[in-house]
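**Q** Numbering (the working numbering), first residue to last: 12 to 211.
Structure incoming, see below.
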């Protein structure tokens with residue numbers, strides 16, 4: 012009898028501890044919640060003769076598709092980050108937006124040199140599209156800052172995913188190192204945006 016009561020008490024205590032742990036874990040924002048929102052349609056055949064990303068193992072159509080998707084994502088990030096600088100009243104968001112723009116300008120310059128592309132604009136303009144993020148089109152939303160951060164996290168996860176695919180498809184070791192660095196910088200941006208989102 013005594014052993015049965017102790018066992019039941021232990022089981023009850025264990026269940027309560029598990030429930031409390033699950034509750035507090037779910038309260039914390041998880042950046043992985045936003046991943047894979049803007050996935051690349053890399054299986055589609057893209058009819059283009061040149062790509063800024065050279066020397067790949069796989070077919071040109073696949074690599075051109077990756078490069079175009081990267082261009083679309085970067086163009087989208089630039090557009091909404093520039094908009095956030097104008098629309099946001101939170102200095103932290105404006106500073107974060109400025110940092111993203113400066114970092115991407117530097118990335119595109121370095122990428123231009125590494126991939127022997129004529130200008131950084133040719134990498135951005137490889138795709139003539141950007142994604143339309145409907146949540147950010149309404150600049151008067153009271154939740155604009157948090158929506159901007161959420162969409163930035165989604166975009167950064169998507170950019171990171173494309174960079175992984177590009178890195179895994181190149182034979183050039185210098186480019187592999189460069190893409191690895193970009194992936195790490197993208198992960199830092201995801202962490203920064205997540206921390207800001209927790210405090211907005």
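Note that CB positions come from ideal geometry on N, CA and C, so glycine has one too.
(1) Residue 120 lies in the alpha helix (DSSP H); which residues open and close that run?
(2) Quick one: residues in its chain with C-beta nearer than 7 Å to the C-beta of residue 160, no 5 flanking neighbours on either side, listed in chain order?
(3) From this set, 178, 188, 164, which residue's C-alpha is nearest residue 87's C-alpha?
(4) Tell me the rounded alpha-carbon separation between residue 194 and residue 171.
(5) Would the beta-carbon of residue 190 fall within 7 Å of that of residue 174?
(6) Quick check: residue 120 and residue 83, are their CB atoms within less than 7 Å of each other?
(7) State buried or exposed for residue 23, treating a residue as buried only when at least 16 other CB atoms are found within 10 Å of its CB.
(8) If I'm right that residue 92 touches residue 108 with Cβ under 8 Å, what's the distance once you round it to whole angstroms?
(9) Would you kindly work out how many angstroms separate the C-alpha atoms of residue 105 and residue 112, rounded to a whole number?
**A** Let me lay it out:
(1) Residue numbering aside, residue 120 sits at position 109 when the chain shown is read from its first letter. DSSP places residue 120 inside the alpha helix (DSSP H), whose first and last residues are 102-125.
(2) Here residue 160 is taken as the residue at index 149 of the chain shown, counted from 1. Contacts found: 204, 207, 208, 211.
(3) As a first step, residue 87 is located in the chain shown; it is residue number 76 there, counting from the start. Ranking 178, 188, 164 by Cα distance to residue 87 puts 164 first.
(4) Looking up residue 194 in the chain shown gives position 183. Looking up residue 171 in the chain shown gives position 160. The alpha-carbon atoms of residue 194 and residue 171 are separated by roughly 6 Å.
(5) Here residue 190 refers to the residue found at position 179 when the chain shown is read from its first residue. Here residue 174 refers to the residue found at position 163 when the chain shown is read from its first residue. For residue 190 and residue 174, yes; Cβs fall inside 7 Å.
(6) Against the chain shown, residue 120 aligns to sequence position 109. Against the chain shown, residue 83 aligns to sequence position 72. No, they are not a contact pair.
(7) Position 12 of the chain shown, counting from 1, holds the residue named residue 23. Per the 10 Å Cβ criterion, exposed.
(8) By one-based count along the chain shown, residue 92 stands at place 81. By one-based count along the chain shown, residue 108 stands at place 97. Yes, they are in contact, since the Cβ atoms of residue 92 and residue 108 sit about 5 Å apart, within 8 Å.
(9) To locate residue 105, count along the chain shown from 1; it is residue 94. To locate residue 112, count along the chain shown from 1; it is residue 101. Using only the alpha carbons, I get a separation of about 11 Å.
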